[in-house]
Amino acid sequence: MTAARFKALALEARDHQRLADWWCEALGYERCAPGPRVHWPDGWPVLITDPEAVGPPIWVTPAGEESGPHHAVRLEVYGQVAELVALGAREVPTHRPPQAHWHLLADPEGNRFGVFTPPPEGPAVSLGVR
């Protein structure tokens with residue numbers, strides 16, 4: 001038995017509602033509905049999930065006043081840089097080898113994520129931890 005199991009990824013955001021929508025569009029994820037007769041206030045975290053149940057669940061949470069940019073944990077996705085930039089991401093300058101099959105981008109709130117060339121079997125999502 002292990003000491004812990006992966007549950008979900010959490011991203012802090014100044015405008016967590018907008019960022020949840022952005023990641024839904026970028027990854028093809030959907031917001032989880034709270035259920036019948038349940039209302040989640042706008043200030044509560046937003047859970048987004050992969051409708052195909054391939055990628056991990058992601059909680060997009062409101063950032064507190066003390067929060068600053070943290071880049072110790074980031075998403076790593078398979079995708080097309082140009083499409084993600086068109087959605088509002090920006091490329092982050094980095095020292096990567098010319099033959100590298102990845103790019104470093106930032107979402108609209110500055111959270112960094114890696115974009116990798118899709119493998120032959122198709123897109124998927126993985127969690128990158130540094």
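Under full-length UniProt numbering, the sequence shown has 41 at position 41, and the numbering climbs by one with no breaks. All C-beta atoms, glycine included, are put in the ideal place defined by N, C-alpha and C.
Among the residues of its own chain, which have a CB less than 7 Å from the CB of T49, if the five just before and after it don't count? Position 49 of the sequence shown, counting from 1, holds the residue named residue 49. The answer, listed in chain order, is Y29, E30, C32 and P57.
Take the Cβ of H95 as the centre, count every other Cβ of all protein chains shown within 10 Å, and call the residue buried at 16 or more, exposed below. Your numbering for residue 95 matches position 95 in the sequence shown. Classification for H95: exposed.
Mind pulling the beta strand (DSSP E) runs of 3 or more residues that sit fully within the UniProt domain "Glyoxalase-like" (9–116)? Listed in chain order, they are 9–13, 46–49, 58–62, 73–78, 102–106 and 112–116.
Quick check: is any heavy atom of the ligand NAD less than 8 Å from the C-beta of P51? As far as ligands go, the structure on display features none, and thus does not contain the ligand NAD.
What is the rounded straight-line gap between the Cα of R14 and the Cα of P98? Reading the sequence shown from its first residue, position 14 is the one you call residue 14. Reading the sequence shown from its first residue, position 98 is the one you call residue 98. C-alpha of R14 to C-alpha of P98: approximately 34 Å in a straight line.
Rounded to whole angstroms, what's the CA-CA distance from R90 to V60? Just pull it up for me. Translated into positions along the sequence shown, residue 90 becomes position 90. Translated into positions along the sequence shown, residue 60 becomes position 60. In a straight line, the C-alpha of R90 is about 19 Å away from that of V60.
Which residue from F116, H16 and V115 puts its Cα closest to that of V46? Numbered from its first residue, the sequence shown carries residue 46 at position 46. Nearest to V46 by C-alpha distance, out of F116, H16 and V115, is H16.
Check each candidate in G64, P118, L11 and R5 and name the one with the smallest Cα separation from A106. As a working note, residue 106 is residue 106 in the sequence shown. Closest by C-alpha distance to A106, out of G64, P118, L11 and R5, is L11.
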